Amino acid sequence: MAGSSDTYKVGLHNVGSYQVSGRPWLKDVTLTGVESRLFEFPNVTEFINICNDHNSSNHNLEIVFCEPKRAINFGGNAEYLETSFSAIDKLTVSAWIKIEGTIANQRLIEISGGNGVRIQTGSTADLRLRVGSTTATTGVTVSAGEWINVTAVINGTSNKLYLNGIFLVENAADAGTGFNGLSIGGLAAGYDGIYDELVLFSSDLNDSEVSELYNAGAA
Numbered sequence: 181m182a183g184s185s186d187t188y189k190v191g192l193h194n195v196g197s198y199q200v201s202g203r204p205w206l207k208d209v210t211l212t213g214v215e216s217r218l219f220e221f222p223n224v225t226e227f228i229n230i231c232n233d234h235n236s237s238n239h240n241l242e243i244v245f246c247e248p249k250r251a252i253n254f255g256g257n258a259e260y261l262e263t264s265f266s267a268i269d270k271l272t273v274s275a276w277i278k279i280e281g282t283i284a285n286q287r288l289i290e291i292s293g294g295n296g297v298r299i300q301t302g303s304t305a306d307l308r309l310r311v312g313s314t315t316a317t318t319g320v321t322v323s324a325g326e327w328i329n330v331t332a333v334i335n336g337t338s339n340k341l342y343l344n345g346i347f348l349v350e351n352a353a354d355a356g357t358g359f360n361g362l363s364i365g366g367l368a369a370g371y372d373g374i375y376d377e378l379v380l381f382s383s384d385l386n387d388s389e390v391s392e393l394y395n396a397g398a399a
């Protein structure tokens with residue numbers, strides 16, 4: 181695929197932009213064959229309206245939102261990453277995940293310390309929040325090849341799981357205290373997936389904060 185990039189410094193709200201009034205415009209661009217072109221507007225601070233003022237019926241506009249390209253891909257057997265941190269008693273962990281292969285009985289995120297917490301799928305590929313030996317089932321299944329945002333808020337006995345910013349289930353089992361580690365990816369053969377924008381907070385975010393985190397699309 182051939183590709184190129186054009187940067188346009190335009191926008192009514194841009195500091196230092198030469199565009200101070202009127203409407204920014206982009207000249208016609210013709211692509212032949214299998215080509216792509218990236219148009220960047222790095223100084224636009226609010227929004228962009230894209231329209232076609234030409235009367236010709238031959239002008240088509242296709243907007244493509246690319247998937248993350250700097251994500252971590254666990255493509256082999258038993259691939260995972262883990263880290264440790266100073267012990268905390270409350271936390272929120274969130275990540276964008278795309279499961280590519282096996283979607284049933286998959287460990288997605290595991291929190292060590294305390295009584296142990298795990299975000300996982302069950303035998304029917306439904307999302308679950310496990311606290312200690314108690315599992316809360318959401319009944320919401322996930323599919324391979326789809327990006328999802330999962331967030332867990334852990335604070336003792338009001339532990340919550342969210343999917344794409346929406347509350348799914350609460351697990352009232354005692355999560356304990358002293359959380360000190362985090363692992364992502366599968367801990368056994370057959371688990372694989374792509375992880376992006378993993379964030380960890382040393383506090384229990386509320387519903388609106390979780391929604392804000394999801395709507396931001398990134399950390």
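In the working numbering, the protein residues as written are 181 to 399. By construction, the Cβ of each residue, glycine as well, lies at the ideal position given by its N, Cα and C atoms. Because the structure is a prediction, the values reported are computed rather than measured.
In this chain, residue 376 is not harboured by any alpha helix (DSSP H); it is covered by the beta strand (DSSP E) spanning 373 to 381. Per DSSP, residue 280 is not a residue of any alpha helix (DSSP H), being assigned neither H nor E. For residue 324, the closest of 286, 259 and 363 by C-alpha to C-alpha distance is 286.
For residue 266, the uninterrupted beta strand (DSSP E) run begins and ends at 260 to 268, by DSSP. The region 332 to 343 and the region 286 to 297 touch, with no fewer than 3 CB-CB distances between them shorter than 8 angstroms.
For residue 322 and residue 302, the gap between their C-alpha atoms comes out near 10 angstroms. Within the DSSP bridge table, the entry for residue 306 names 321 as partners. A buried status is given to residue 275, since no fewer than 16 other beta-carbon atoms sit within 10 Å of its beta-carbon.
With a cutoff of 8 angstroms on beta-carbon distance, residue 316 and residue 284 are scored as not near each other. Exposure of residue 261 is indicated by the presence of fewer than 16 other C-beta atoms within 10 angstroms of its C-beta.
Closest in alpha carbon position to residue 299, among 358, 363 and 354, is 363. Straight-line spacing of the CA atoms in residue 353 and residue 312 works out to 7 angstroms. Each residue's CA atom was taken as its position, placing residue 392 and residue 345 some 8 angstroms apart. In the three-state DSSP reduction, residue 348 falls in the strand class (E or B). In this structure, 373 is the residue among 339, 373 and 386 with its C-alpha nearest to the C-alpha of residue 365. Non-local beta-carbon contacts of residue 295 in its own chain, meaning distances under 7 angstroms to residues more than five positions away in sequence, involve 311, 312, 354, 355 and 356 in chain order. A check of alpha carbon separations from residue 270 across 397, 350 and 338 identifies 338 as the nearest. Around the CB of residue 379, fewer than 16 other CB atoms lie within 10 Å, so the residue is classed as exposed. If you check the CB distance, residue 343 and residue 309 do not come in under 8 angstroms. The C-beta of residue 263 has fewer than 16 other C-beta atoms within 10 Å across all chains shown, which makes the residue exposed. Secondary-structure assignment with DSSP links residue 343 through a beta bridge to 330 and 346. In this structure, the straight-line span from the alpha carbon of residue 375 to that of residue 278 is close to 7 angstroms. For residue 384, the number of other beta carbons within 10 angstroms of its own is at least 16, and it is reported as buried.
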